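Numbering (this note's numbering), first residue to last: 19 to 343.
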């Protein structure tokens, strides 16, 4: 059944994790309704404390306030910007040539925490840590681990909604290629000097399985509803926004929706302000098979995607975004 939401549904992750079977089943049902219709929910009781969020925002604001020549020491185009800093306007949405009005910093799996026996360890580049801000590393690793844990709970609920074993995703995301992206949408001092079609983040779908986003510091995030209307995404300070990415849409043959979203520019009189945002892009291991689940294919919904692994799909998308040549 089709539902047009005026705002994204809010759920309590404690209903899923508390051990009450009725509450757990209700969470799974509501999550399924949201993900089959709009692809987004807001959740509370996700484990990320306000204190940790505050510390993280403090350390990224300090980093982005550094001079460009200091920040650029942490830029690694040779690894497709998968770790460290990405400078202003380097990334553009698929199908666009104009760069987005943002700069960002990528943190991935901390290699020291992956067992030597796991071959995945050799696939990932090392994290880069700004020596100017020792606190940055501590806060980022703590946030990464907390968000990864919340993401695993969400994937357990998604598995149940798809009538899969609850731990279906567990081995597929163990030491997965997830990325914590710390974004600064920088101030625009002279709006007339910006290309007419440049926006903070052009309309796009996320590549990964799911994205967990902690409350951004200013408005601007919008999601495209099925009827073509853009609706604002607002989350309370104690909520995370969790949305379906393209890999999960592909796995479920579009049963779960990776919804197009964007970050619009602020009103002209606020163009000179900064906006900060920290999404956690939850990726599986590169070998995960994204072949459409048999249970999501029927005569009304024939198979819509060619078979691919998560690694193959990611490579293709990074080239489309201009991050890999």
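Even glycine gets a Cβ: it sits at the ideal position worked out from N, Cα and C.
In this text, all values refer to a predicted model and were calculated from it rather than measured experimentally.
It is roughly 10 Å from the alpha-carbon of residue 86 to the alpha-carbon of residue 106. In the three-state reduction of the DSSP assignment, residue 28 falls in the strand class, which pools E and B. Its chain contains no residue whose beta carbon lies nearer than 7 Å to that of residue 95 once the 5 sequence neighbours on both sides are disregarded. Below 8 Å, too few C-beta pairs join the stretch 280 to 288 and the stretch 53 to 70 to call them touching: fewer than three. For residue 169, the closest of 156, 183 and 187 by C-alpha to C-alpha distance is 187. Three or more pairs of CB atoms, one per stretch, sit closer than 8 Å, so the stretch 166 to 182 contacts the stretch 45 to 58.
For residue 165, the enclosing alpha helix (DSSP H) covers residues 152 to 179.
In the DSSP assignment, the residues bridged to residue 219 are 281. Taking every protein chain shown into account, the CB of residue 297 has 16 or more other CB atoms within 10 angstroms, so this residue is buried. In the displayed model, residue 73 falls within a helix according to three-state DSSP. A straight line joining the alpha-carbon of residue 269 with that of residue 184 spans about 16 Å.
Taken in chain order, the unbroken stretches of alpha helix (DSSP H) that lie wholly in the stretch 243 to 329 and span 4 residues or more are 264 to 269. Across the structure, residue 302 and residue 327 are spaced so that their CA atoms are roughly 10 Å apart. Spanning the alpha carbons of residue 24 and residue 249 requires a straight line of approximately 7 Å. Its chain contains 150 as the residues whose beta carbon lies nearer than 7 Å to that of residue 88, once the 5 sequence neighbours on both sides are disregarded; these appear in chain order. Residue 140 counts as exposed, since fewer than 16 other beta carbons sit within 10 angstroms of its beta carbon. The closest CA to that of residue 308, considering only 239, 232 and 226, is found on 226. In this structure, residue 322 sits near residue 272, with a CB-CB distance shorter than 8 Å.
Residues of the same chain with a CB within less than 6 Å of the CB of residue 254, apart from the 5 flanking positions on each side, do not exist. By the CB criterion at 8 Å, residue 222 and residue 41 fall outside the cutoff. Here DSSP, grouped into helix, strand and coil, assigns residue 104 to strand.
The shortest CA-to-CA distance from residue 56 to any of 67, 241, 237 and 332 is the one to 241.
Remark: three or more beta-carbon pairs, one from each stretch, lie closer than 8 Å, so the stretch 120 to 132 and the stretch 190 to 209 are flagged as touching.
Residue 194 and residue 306 have their C-alpha atoms some 10 Å from each other. Under the three-state reduction of DSSP output, residue 83 falls in the coil class, being neither helix nor strand. Within the same chain, Cβ atoms closer than 8 Å to the Cβ of residue 331 are found at 225, 264, 265, 268 and 308, the five residues on either side in sequence being excluded. Judged by DSSP in its simplified three-state form, residue 212 adopts coil rather than helix or strand. Of the residues 292, 197, 243 and 144, the one whose Cα lies closest to the Cα of residue 92 is 144. At a Cβ-Cβ threshold of 8 Å, residue 218 and residue 261 do not count as neighbours. Contact annotation: residue 243 and residue 66 have beta-carbon atoms that are not nearer than 8 Å. Distances from the alpha-carbon of residue 196 to those of 30, 304, 337 and 339 put 304 closest. In the three-state reduction of the DSSP assignment, residue 60 falls in the strand class, which pools E and B.
For residue 200, the enclosing beta strand (DSSP E) covers residues 197 to 203. In the three-state DSSP reduction, residue 187 falls in the coil class, being neither helix nor strand.
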